[in-house]
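Heads up: the protein sequence lines correspond to chains V and L, in order.
Residues 1 to 110 (this note's numbering) make up the first sequence, in order.
Residues 111 to 226 (this note's numbering) make up the second sequence, in order.
C-beta atoms are modelled at their ideal positions from N, C-alpha and C, and glycine is treated no differently.
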Amino acid sequence: KNEVEQSPQNLTAQEGEFITINCSYSVGISALHWLQQHPGGGIVSLFMLSSGKKKHGRLIATINIQEKHSSLHITASHPRDSAVYICAVNSNTNAGKSTFGDGTTLTVKP
Amino acid sequence: GAVVSQHPSRVICKSGTSVKIECRSLDFQATTMFWYRQFPKQSLMLMATSNEGSKATYEQGVEKDKFLINHASLTLSTLTVTSAHPEDSSFYICSARGLAGFYGYTFGSGTRLTVV
Numbered sequence: 001k002n003e004v005e006q007s008p009q010n011l012t013a014q015e016g017e018f019i020t021i022n023c024s025y026s027v028g029i030s031a032l033h034w035l036q037q038h039p040g041g042g043i044v045s046l047f048m049l050s051s052g053k054k055k056h057g058r059l060i061a062t063i064n065i066q067e068k069h070s071s072l073h074i075t076a077s078h079p080r081d082s083a084v085y086i087c088a089v090n091s092n093t094n095a096g097k098s099t100f101g102d103g104t105t106l107t108v109k110p
Numbered sequence: 111g112a113v114v115s116q117h118p119s120r121v122i123c124k125s126g127t128s129v130k131i132e133c134r135s136l137d138f139q140a141t142t143m144f145w146y147r148q149f150p151k152q153s154l155m156l157m158a159t160s161n162e163g164s165k166a167t168y169e170q171g172v173e174k175d176k177f178l179i180n181h182a183s184l185t186l187s188t189l190t191v192t193s194a195h196p197e198d199s200s201f202y203i204c205s206a207r208g209l210a211g212f213y214g215y216t217f218g219s220g221t222r223l224t225v226v
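Right, here's the structure in full:
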């Protein structure tokens, strides 16, 4: 079992729909990241969380430390949101190395 | 906020040549730099960890003589792929951790290496 599990693996939505991507982890963490990777490969760091909730534009990230779970929400989705979304955690016991989920491939259709 | 600049974003090189990838922390001091690699349809995997001024620690299966890491200053770390082969074609990304907790774990944007 991976230390970081993401769901769903693939997600197709219509433009305007509300999107939720989930991330569960099994280790104690100091921080959790949500990353966005476009087809060209470049990665954009969307959020870094250690507790609570963060919002940036149409993106919202939440984390529940007790349940070891985080969600990334996209409101009013748009085709340009199509990308791979990756959850990464920094364990609080392994010198800060990041462990990555397998990613969720999101396709938003117009 | 903390920014890590990674260059180049894409590089194509001939088999047998060496390629250098740079990661610079622009507004904080990166005491630790992590280098990751991603093969097609796989997760990012840690290659090595480097602390400023000391030798890098490589993960099992990563050849230290092939992937040279230099972290000579608190704002710059480099990964050099030596004698590159087509199987080294991959996506490489760095992550930096700074002195203060807030600046921990900032990711570069990645480098797509293609060896022909």
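Of the residues the options, the one placed nearest residue i, counting alpha carbons only
i: V113/L; options: V225/L, S128/L, V226/L and S219/L; result: S219/L
i: Y168/L; options: M143/L, P118/L and T221/L; result: M143/L
i: Q148/L; options: G208/L, E132/L, I203/L and V226/L; result: I203/L
i: H38/V; options: G103/V, A88/V and S50/V; result: G103/V
Residue environment, residue i, which counts as buried when at least 16 other CB atoms sit within 10 Å
i: N90/V; result: buried
i: G28/V; result: exposed
i: G52/V; result: exposed
i: Q152/L; result: exposed
i: A206/L; result: buried
i: H56/V; result: exposed
i: G163/L; result: exposed
i: S193/L; result: exposed
i: Y131/L; result: A quick correction: the sequence has Ile, not Tyr, at residue 131/L. So I131/L counts as buried.
i: G16/V; result: exposed
i: V226/L; result: exposed
Neighbour flag for residue i against chain L, beta carbons, 7 Å
i: I43/V; result: yes
i: K97/V; result: yes
i: D102/V; result: yes
i: Q6/V; result: no
C-beta contact flag for residue i and residue j at 7 Å
i: H33/V; j: M48/V; result: yes
i: L184/L; j: Q139/L; result: yes
i: H199/L; j: C133/L; result: Before going further, note that residue 199/L is Ser rather than His in the sequence given. Contact: no.
Same chain, Cβ closer than 6 Å to residue i, five either side skipped, listed in chain order
i: T105/V; result: N10 and V84
i: I19/V; result: A13, I74 and S77
i: L136/L; result: V113 and S115
i: R222/L; result: R120 and F201
Any chain V beta carbon closer than 7 Å to residue i
i: S164/L; result: no
i: L178/L; result: no
i: F217/L; result: yes
i: Y213/L; result: Reliability of the predicted coordinates at Y213/L is poor, the pLDDT of 44 falling under 50, and the value obtained from them is presented with this limitation in mind. False, the Cβ-Cβ gap to chain V never drops below 7 Å.
i: P154/L; result: Note that residue 154/L is Leu in the sequence shown, not Pro. Yes, L154/L counts as interfacial toward chain V.
i: I131/L; result: no
7 Å CB neighbourhood of residue i in its chain, flanking five on each side removed
i: N92/V; result: G28, I29 and S30
i: T141/L; result: N161, E162, L184, R207, G208 and L209
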